[in-house]
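**Q**
Numbering (the working numbering), first residue to last: 138 to 211.
1. Taking the beta carbon of residue 172 as the centre, do at least 16 other beta carbons fall within 10 Å, making it buried, or is it exposed?
2. Under 8 Å, do residue 150 and residue 190 count as touching if we go by C-beta distance?
3. To the nearest angstrom, how far is the alpha carbon of residue 167 from that of residue 198?
4. To the nearest angstrom, how far is it from the Cα of residue 207 to the Cα of residue 185?
5. How is residue 184 classed by DSSP in three states: helix, strand or coil?
If you want it as structure tokens, here you go:
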């Protein structure tokens with residue numbers, strides 16, 4: 138058993154491509170959001186100029202904050 142065996146779903150980190158697939162977006166959309174002023178999209182961690190990761194928990198929280206309930210929107 139290694140450290141990766143104990144990572145929960147909420148602790149998981151995802152690549153730009155993985156998050157784009159989850160959201161039904163092209164990865165270029167996430168890249169554009171990261172370079173837009175002001176920065177848009179879910180929170181991210183830039184580990185190097187070529188590697189950016191997203192916490193799955195952050196992506197879920199970002200989505201939840203944008204949720205609109207039509208029954209309450211009236």
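For glycine and all other residues, C-beta sits at the position ideal for the given N, C-alpha and C.
**A** Taking the coordinates as given:
1. Result: exposed.
2. Yes, these two residues count as a Cβ contact at 8 Å.
3. Spanning the two alpha carbons is a distance of roughly 16 Å.
4. Within the model, the alpha-carbon separation for residue 207 versus residue 185 is close to 41 Å.
5. Note: residue 184 maps to strand in three-state DSSP.
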